[in-house]
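Numbered according to the UniProt record's numbering, the sequence shown spans residues 1 to 494. First the structure, in the form of structure tokens, and then the observations on it.
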Amino acid sequence: MEPTESDVVEISPDKRYIRYNEILGRGAFKNVYKGFDEIDGIEVAWNQVSIDDVLQSPEHLERLYSEVHLLRTLKHENIIRSYASWVDDENKTINMITELFTSGSLRQYRKKHKNVDLKAIKNWARQILRGLRYLHTHSPLIIHRDLKCDNIFVNGNHGEVKIGDLGLATIMQQPTARSVIGTPEFMAPELYEEEYNELVDIYSFGMCMLELVTCEYPYGECKNQAQIYKKVTSGIKPAALNKVRYPEVKQFIEKCLVTASQRLSAVELLKEPFLLVEDPKDLMCDPLQLTDFTPKSTISLKSDSPFMDLDPNYKMLSAGTCAHSMIGTSSTVELQRYSERNVFTIKGEKFDDDTVSLTLRIADSSGRARNVHFIFYLNADTALSIAAEMVEQLDLWSEDIAFIAELIDSLILRLVPTWKTSSGSLGGAQSSYGVSAVLQNNQVLAPHAKDQVSNIFPVREASEQYSRSKGNDAGESVRGIIQTQCGINLRHQT
């Protein structure tokens with residue numbers, strides 16, 4: 001039964017979000033309720049944490065800090081998205097609004113649907129690996145550390161899966177991490193040795209695949225965690241692995257469970273033949289044939305800004321074509337570049353020594369195309385600044401900046417041979433337009449600087465401070481701690 005207006009039990013400080021009493025799930029230190037966004041008209045997940053609980057446990061406070069901060073800075077189609085965060089002083093809760101996943105966790109979804117074709121499992125695997133690829137190539141690198149089907153969420157109406165529950169994630173400032181944390185059945189052997197890297201997530205991914213294929217929890221034959229620990233550290237694989245019927249499936253899982261020195265990365269696993277799509281109509285989120293370039297929609301921004309509508313699902317620049325012609329006294333250039341799922345076409349016309357008119361078209365596999373129109377001022381604009389403005393204005397993925405900037409620079413360089421690109425060269429999107437370049441030009445759209453994402457957090461001091469300040473100043477004390485360390489916008493609940 002769907003909740004009604006009379007079921008509303010809480011409203012956000014800005015009156016945008018309402019919370020129902022319907023619990024969607026429980027975590028180690030939070031409850032997740034169904035909520036509703038009255039501005040966008042969409043259902044959301046309202047995550048609520050008791051301040052008393054987390055501040056009395058340094059470990060829980062660390063996990064909360066990690067999740068709140070990471071969700072605010074990460075933008076990827078296969079990572080759960082955060083919309084808002086605040087502290088309710090009166091009720092002593094910390095609240096986070098995130099995406100709602102209509103079908104629950106991947107574990108719940110798989111248990112509900114017993115007869116799932118291998119094609120669907122491959123589709124889920126690709127999406128999970130894309131999310132891991134994003135985390136593991138992020139700057140700085142991020143390790144999830146608690147990847148399991150319970151922490152992967154599904155929108156069953158179109159097969160979309162996203163990695164969530166980043167409460168145990170760690171931001172790598174050193175080559176290896178040193179704390180033992182996670183779910184024993186999914187923990188790589190090196191985790192127990194307290195020295196590991198991002199490949200522990202690949203091991204966990206392999207266990208997720210094993211569960212998805214067999215519908216059995218790994219090491220279900222063990223009676224307690226001690227037995228699991230003994231088997232994992234001895235290199236004994238779960239009994240369920242012997243129940244995998246197809247050799248190619250078993251081999252793929254085993255590649256994830258080998259020793260860390262032999263384990264493939266997310267980038268490498270995505271190239272494995274096992275995950276290749278045999279029929280482009282089989283699955284979503286894979287390269288398909290484009291049907292047309294018909295413009296479907298255009299969004300208008302502020303008067304001096306380009307108007308645009310972009311789809312950020314792509315890889316860095318790869319193959320491309322170029323057309324060049326002279327129209328009257330103006331020079332026109334058109335470039336076309338292919339990504340994993342989209343075709344990008346940019347057309348530029350140079351009117352005078354200072355101005356270039358640009359049109360960017362993005363077409364996806366469904367035939368949907370979007371146009372971007374803007375004027376580029378050669379004496380004032382840079383490709384990075386324009387790309388960053390696009391991403392900022394339309395709330396696109398931060399990794400779009402590099403791709404769009406290089407595409408713009410490539411075109412202008414053909415129109416104006418003396419043009420100096422944003423980085424001085426076009427030697428590769430990642431090297432030329434990476435996060436560091438964006439930071440240097442003050443065009444960053446989310447806090448990625450190391451001092452902002454440091455994993456150092458005075459949790460024990462915060463806990464002691466809170467335990468000593470149970471009076472009227474407790475709310476402000478908590479507010480200061482969370483706002484300073486998590487970088488979230490804290491507002492009073494009125």
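Glycine is no exception: its CB is placed at the ideal position from the N, C-alpha and C atoms.
- prompt: Just reading off the alpha helix (DSSP H) that residue 186 is part of, what are its end residues?
  reply: Counting along the chain, residue 186 falls outside any alpha helix (DSSP H), and DSSP gives it neither H nor E.
query: Do you know offhand how far residue 308's Cα is from residue 352's?
result: In this predicted model, residue 308 has a pLDDT of only 35, less than 50, meaning its place in the structure is not dependable; the value taken from the coordinates is given anyway. C-alpha separation (whole angstroms): 24 Å.
query: Using the rule of at least 16 other Cβ atoms within 10 Å of the residue's Cβ for burial, across every protein chain shown, is residue 196 buried or exposed?
result: Burial is judged here by how many other beta carbons sit within 10 angstroms of a residue's own beta carbon; residue 196 has at least 16 and is buried.
Neighbourhood of residue 105 by C-beta, 8 Å cutoff - its chain only, sequence neighbours within 5 removed: 25, 149, 150, 151, 152, 153, 154
message: Could you compute how far the alpha carbon of residue 225 sits from the alpha carbon of residue 381?
response: 59 Å
Length-filtered (3 minimum) beta strand (DSSP E) runs lying within the segment 96-160: 152-155
- prompt: Mind checking whether residue 401 and residue 384 have CB atoms under 8 Å apart?
  reply: Yes, they are a contact pair.
query: With distances taken from CA atoms, which of 256, 260, 263, 248 is nearest residue 273?
result: 248
query: If you count every other CB in all the chains shown that lies within 10 Å of the CB of residue 386, and 16 or more means buried, which is it?
result: buried
field: Environment of residue 220 [buried if 16+ CB atoms lie within 10 Å]
entry: exposed
query: Whose CA, out of 334, 223, 406, lies closest to the CA of residue 358?
result: 334
task: Assign residue 206 to one of three DSSP states: helix, strand, or coil.
output: helix
query: To the nearest angstrom, how far is it from the Cα of residue 202 to the Cα of residue 253?
result: Between the C-alpha atoms of residue 202 and residue 253 there is a straight-line separation of about 10 Å.
message: Would residue 218 and residue 207 qualify as a contact pair, given that the criterion is a beta-carbon distance under 8 Å?
response: Yes.
field: Separation of residue 73 from residue 50, as counted between CA atoms
entry: 23 Å
- prompt: Are the beta-carbon atoms belonging to residue 17 and residue 9 less than 8 Å from one another?
  reply: No. Outside cutoff.
query: Helix, strand or coil: which one does DSSP assign to residue 496?
result: One cannot answer for residue 496 here, as it falls past the ends of the chain, which runs 1 to 494.
field: Endpoints, the beta strand (DSSP E) within which residue 403 is located
entry: Counting along the chain, residue 403 falls outside any beta strand (DSSP E), though it belongs to the alpha helix (DSSP H) covering 400-415.
message: For residue 26, list the residues DSSP reports as bridge partners.
response: 31
- prompt: With DSSP run on the structure shown, which of helix, strand or coil describes residue 219?
  reply: coil
- prompt: What do you get for residue 417, buried or exposed, if any count of 16 or more other CB atoms within 10 angstroms of its CB means buried?
  reply: exposed
- request: Report yes if the CB atom of residue 100 is closer than 8 Å to the CB atom of residue 34, and no otherwise.
  value: It is a contact, given that the beta carbons lie within the stated cut-off.
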